[in-house]
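Here the structure comes first, spelled out in structure tokens, and everything after it is commentary.
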Amino acid sequence: MSWVWFHRFGSPPHFYRLSRRLVPWFAWSALVVCVAGLIDGLVFAPPDFRQGDGYRIIFVHVPAALLSLQVYVVMAASAAIGLIWRMKVAHAVAASCATLGASFTVVALGTGMLWGKPMWGAYWAWDPRLTSELLLLFLYLGYMGLRSGFDDTARADRASAVLAIVGVVNVPIIHYSVVWWNSLHQGSTLIGAGGIAVPSMWVPLVTMIVGFELYFIALLLIRTRGEILRRERNAHWIAEALGAPPPTAPAYGGASGHPAAHRPAVQRG
Amino acid sequence: MIHFLQMGGYAMYVWPAFALAFIVLALNIAWARRSLRSAQAEARRRVLSAVPEPLREPQGPQP
Amino acid sequence: MTADGGKSEAVASQAPASEAPRSLAGAAFAVMQRDLRLALRRSGDTLQPLGFFVIVTTLFPLALQPDLSLLRDIAPAALWVGALLASLLALDLLFREDAQDGTLEQLALCGLPFTGLLAAKTAVHWLLTGLPLVVIAPLIATALGAPATAVPAIVAALLLGTVALSLIGAVGAGLTMGMKRNGSLMALLVLPLAVPVLIFGAQATALAIAGEPIAAPLYLLGAMAVLAVTLAPWAVAAAVRIGLE
Chain A
1 MSWVWFHRFG SPPHFYRLSR RLVPWFAWSA LVVCVAGLID GLVFAPPDFR
51 QGDGYRIIFV HVPAALLSLQ VYVVMAASAA IGLIWRMKVA HAVAASCATL
101 GASFTVVALG TGMLWGKPMW GAYWAWDPRL TSELLLLFLY LGYMGLRSGF
151 DDTARADRAS AVLAIVGVVN VPIIHYSVVW WNSLHQGSTL IGAGGIAVPS
201 MWVPLVTMIV GFELYFIALL LIRTRGEILR RERNAHWIAE ALGAPPPTAP
251 AYGGASGHPA AHRPAVQRG
Chain B
1001 MIHFLQMGGY AMYVWPAFAL AFIVLALNIA WARRSLRSAQ AEARRRVLSA
1051 VPEPLREPQG PQP
Chain C
2001 MTADGGKSEA VASQAPASEA PRSLAGAAFA VMQRDLRLAL RRSGDTLQPL
2051 GFFVIVTTLF PLALQPDLSL LRDIAPAALW VGALLASLLA LDLLFREDAQ
2101 DGTLEQLALC GLPFTGLLAA KTAVHWLLTG LPLVVIAPLI ATALGAPATA
2151 VPAIVAALLL GTVALSLIGA VGAGLTMGMK RNGSLMALLV LPLAVPVLIF
2201 GAQATALAIA GEPIAAPLYL LGAMAVLAVT LAPWAVAAAV RIGLE
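Protein chains in written order, with this note's numbering: chain A, 1 to 269; chain B, 1001 to 1063; chain C, 2001 to 2245.
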């Protein structure tokens, strides 16, 4: 690939500096959008015909579930880019996705259980969506466990990239098999977004999804900056970026002519 | 207002759900910033202690 | 690179200090022969997964009641969970020894397609650890109350399922190869990926026991086995290469 922007984006110092300026935009807009979505969903959206006010949990459950899946795909895609094009920035992005994605999955599971109790009468009823989310959580935990098992960051990047790629291929298969398994045994009610045909209901939902996306991008940028630093051990740009004095590069012809200005005066003998 | 807080009787489920989401997302903000800060501190330490080899002459104790 | 030429080369290489196989088929055949011979020498180790399978499936009736009609209901679950866990146990045998004594490195460096050689190793591994499960399955299934008419279907499902499990497991084994002994991480990696095999295999078994047609889950199992055979070797080779660094 010879797209200039692609390679520039993959340049660690450029990414580091650019993301620093981008984070506030994403962070603040995430806050505004989420607050707007929450107010709209909790106050202005009408109660549901069947579920009363209890359905409002979807305003966090659905965005979290959506993001949990999307983040896994982003993780696998950036890991694949890192593996194929050997881009450290891509590996840094993949590493940053793990905790975020797992957290979204936990939120999706927890809110799903809290929604299930009043709706089905049980906190856990092996609903296909929640069971798939649980397996997705295991995939995230496995990814994080594999990463932590390697001391060398580069090896950890490559091994977890293979795992992420294998995992992302399996995610649709796993999901389909769980849906199929569930449909055989009971006419269980899916936690669906059925009944969200009314704009006053899906507008706040979409708003919350957008808010979660902005939040994800903001945190991804923050984490990726740190991961880039960890992978660029001896690069000279780091010193400048951190505002530290650059390591003194020896510019001399012999051992005798050392730049005395950099050395603290020490009495010998 | 009361009706809002009671969420039509589902308060015991709705509010904990939102609280869970809020707490987890807030924790992630804290973790992300801490991760970045520790990476920056590590990098700063590495840069500052990187004295080039030829300049390291045997001397007395440095301040 | 004909199979014949490969085989005769491989046979020639049996004699000490003769020229090494130059084709993938020859090398793969040599690798398989070596693995088989080593495994047969250590038959105790090789039979362990089989023993584990038998014991685990025995635990289910002991944990319930010796009532065949009840056992018939849980037979699919017991068979497939047992097969899954036995495959997991067997994965240790796949790469660990060869990684330690340097054989894997030699295979990686010999210039022949590493993917193919690893596929050959995995095939032998399945022969030694997956196939015995399939062979003893009729006995176990009958002991758990399955009617004799269900046995061929159960055998077919396990045949396809164990192939898929061996390949998926090989990916996990390759990824965790470079680490100190931690079998539980490999389980965490492999088991979620093995869930579809479990679901469709158990369903096929349940349908077979009930006497209903099992075409649908069996086709899906077959599809998964084919997918595993075509895609997994790449991932295994990539994983093992990283582990060898």
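Think of the CB as a built atom: it goes at the ideal place given N, C-alpha and C, for glycine as much as any other residue. Remember, it's a predicted structure, so these values are computed and weren't measured experimentally.
Cross-chain neighbours of residue i in chain A, by beta carbon under 7 Å
{"i": "residue 2245 of chain C", "result": "155"}
{"i": "residue 1029 of chain B", "result": "219"}
{"i": "residue 1065 of chain B", "result": "Not covered by the structure: residue 1065 of chain B. The range shown for chain B is 1001 to 1063."}
{"i": "residue 2226 of chain C", "result": "The contacting residues do not exist; residue 2226 of chain C stays about 13 Å from chain A at best."}
{"i": "residue 2175 of chain C", "result": "146, 159, 162, 163"}
Where residue i sits in the DSSP three-state scheme
{"i": "residue 211 of chain A", "result": "helix"}
{"i": "residue 40 of chain A", "result": "helix"}
{"i": "residue 2023 of chain C", "result": "coil"}
{"i": "residue 20 of chain A", "result": "helix"}
{"i": "residue 201 of chain A", "result": "helix"}
{"i": "residue 1049 of chain B", "result": "coil"}
{"i": "residue 2042 of chain C", "result": "coil"}
{"i": "residue 86 of chain A", "result": "coil"}
{"i": "residue 2176 of chain C", "result": "coil"}
{"i": "residue 150 of chain A", "result": "coil"}
{"i": "residue 2113 of chain C", "result": "coil"}
{"i": "residue 190 of chain A", "result": "Only weak support is given to the placement of residue 190 of chain A: the predicted model assigns it a pLDDT of 46, under 50, and the question is left unresolved by the model."}
{"i": "residue 176 of chain A", "result": "helix"}
{"i": "residue 2106 of chain C", "result": "helix"}
{"i": "residue 28 of chain A", "result": "helix"}
{"i": "residue 124 of chain A", "result": "coil"}
Interface residues of chain A facing residue i [CB-CB closer than 9 Å]
{"i": "residue 2213 of chain C", "result": "Within chain A, no residue comes near residue 2213 of chain C; the closest Cβ sits about 14 Å away, beyond 9 Å."}
{"i": "residue 1948 of chain C", "result": "Shown here, chain C extends from 2001 to 2245; a query on residue 1948 of chain C therefore has no answer."}
{"i": "residue 1020 of chain B", "result": "60, 106, 107, 110, 111, 114"}
{"i": "residue 1005 of chain B", "result": "Simply none; closest approach about 10 Å."}
Contact list for residue i against chain B, beta-carbon separation under 8 Å
{"i": "residue 117 of chain A", "result": "1013"}
{"i": "residue 43 of chain A", "result": "1004"}
Length of the line joining the Cα atoms of residue i and residue j
{"i": "residue 39 of chain A", "j": "residue 1025 of chain B", "result": "18 Å"}
{"i": "residue 148 of chain A", "j": "residue 156 of chain A", "result": "8 Å"}
{"i": "residue 2026 of chain C", "j": "residue 166 of chain A", "result": "30 Å"}
{"i": "residue 141 of chain A", "j": "residue 127 of chain A", "result": "21 Å"}
{"i": "residue 232 of chain A", "j": "residue 81 of chain A", "result": "18 Å"}
{"i": "residue 2229 of chain C", "j": "residue 2164 of chain C", "result": "7 Å"}
{"i": "residue 124 of chain A", "j": "residue 113 of chain A", "result": "6 Å"}
{"i": "residue 181 of chain A", "j": "residue 2199 of chain C", "result": "7 Å"}
{"i": "residue 2103 of chain C", "j": "residue 60 of chain A", "result": "53 Å"}
{"i": "residue 28 of chain A", "j": "residue 215 of chain A", "result": "9 Å"}
{"i": "residue 187 of chain A", "j": "residue 2105 of chain C", "result": "The predicted position of residue 187 of chain A is uncertain, since its pLDDT is 49 and thus under 50; no value can be drawn from it."}
{"i": "residue 1040 of chain B", "j": "residue 143 of chain A", "result": "25 Å"}
{"i": "residue 89 of chain A", "j": "residue 152 of chain A", "result": "16 Å"}
{"i": "residue 173 of chain A", "j": "residue 62 of chain A", "result": "21 Å"}
{"i": "residue 2080 of chain C", "j": "residue 33 of chain A", "result": "48 Å"}
{"i": "residue 199 of chain A", "j": "residue 131 of chain A", "result": "29 Å"}
{"i": "residue 2131 of chain C", "j": "residue 210 of chain A", "result": "51 Å"}
{"i": "residue 206 of chain A", "j": "residue 2241 of chain C", "result": "44 Å"}
Cross-strand partners of residue i (DSSP beta bridge)
{"i": "residue 10 of chain A", "result": "Answer by DSSP bridge pairing: none, since residue 10 of chain A is not bridged."}
{"i": "residue 48 of chain A", "result": "A/52"}
Cross-chain neighbours of residue i in chain C, by beta carbon under 8 Å
{"i": "residue 84 of chain A", "result": "Here the premise fails: no neighbours, minimum Cβ distance about 11 Å."}
{"i": "residue 101 of chain A", "result": "In chain order: nothing, as chain C lies at least about 14 Å away."}
{"i": "residue 184 of chain A", "result": "2203"}
{"i": "residue 135 of chain A", "result": "2192, 2195"}
{"i": "residue 174 of chain A", "result": "2192, 2193, 2195, 2196"}
Buried versus exposed call for residue i [16 or more other C-beta atoms within 10 Å across all chains shown]
{"i": "residue 1003 of chain B", "result": "exposed"}
{"i": "residue 236 of chain A", "result": "exposed"}
{"i": "residue 2067 of chain C", "result": "exposed"}
{"i": "residue 175 of chain A", "result": "buried"}
{"i": "residue 44 of chain A", "result": "exposed"}
{"i": "residue 2126 of chain C", "result": "buried"}
{"i": "residue 189 of chain A", "result": "Model confidence at residue 189 of chain A stands at a pLDDT of 45, short of 50, so the residue's coordinates are unreliable and nothing is read from them."}
{"i": "residue 2191 of chain C", "result": "buried"}
{"i": "residue 227 of chain A", "result": "buried"}
{"i": "residue 2110 of chain C", "result": "exposed"}
{"i": "residue 2122 of chain C", "result": "buried"}
{"i": "residue 272 of chain A", "result": "What the structure shows of chain A is the stretch from 1 to 269, and residue 272 of chain A is not part of that stretch, so it cannot be assessed."}
{"i": "residue 222 of chain A", "result": "buried"}
Where residue i meets chain A, residues with beta-carbon distance less than 8 Å
{"i": "residue 2242 of chain C", "result": "155, 158, 159, 162"}
{"i": "residue 2188 of chain C", "result": "138, 141, 142, 145"}
{"i": "residue 2161 of chain C", "result": "Near residue 2161 of chain C there are no residues of chain A at all, since even the closest Cβ is about 13 Å away, more than 8 Å."}
{"i": "residue 2221 of chain C", "result": "Near residue 2221 of chain C there are no residues of chain A at all, since even the closest Cβ is about 11 Å away, more than 8 Å."}
Residue i: contacting residues in chain C (beta-carbon distance under 7 Å)
{"i": "residue 177 of chain A", "result": "2195, 2196, 2199, 2200"}
Chain-ordered chain B contacts of residue i [CB-CB under 7 Å]
{"i": "residue 47 of chain A", "result": "1008"}
Amino acids of chain C, ordered along the chain, whose beta-carbon sits closer than 9 Å to that of residue i
{"i": "residue 9 of chain A", "result": "None at all; the shortest Cβ gap to chain C is about 25 Å."}
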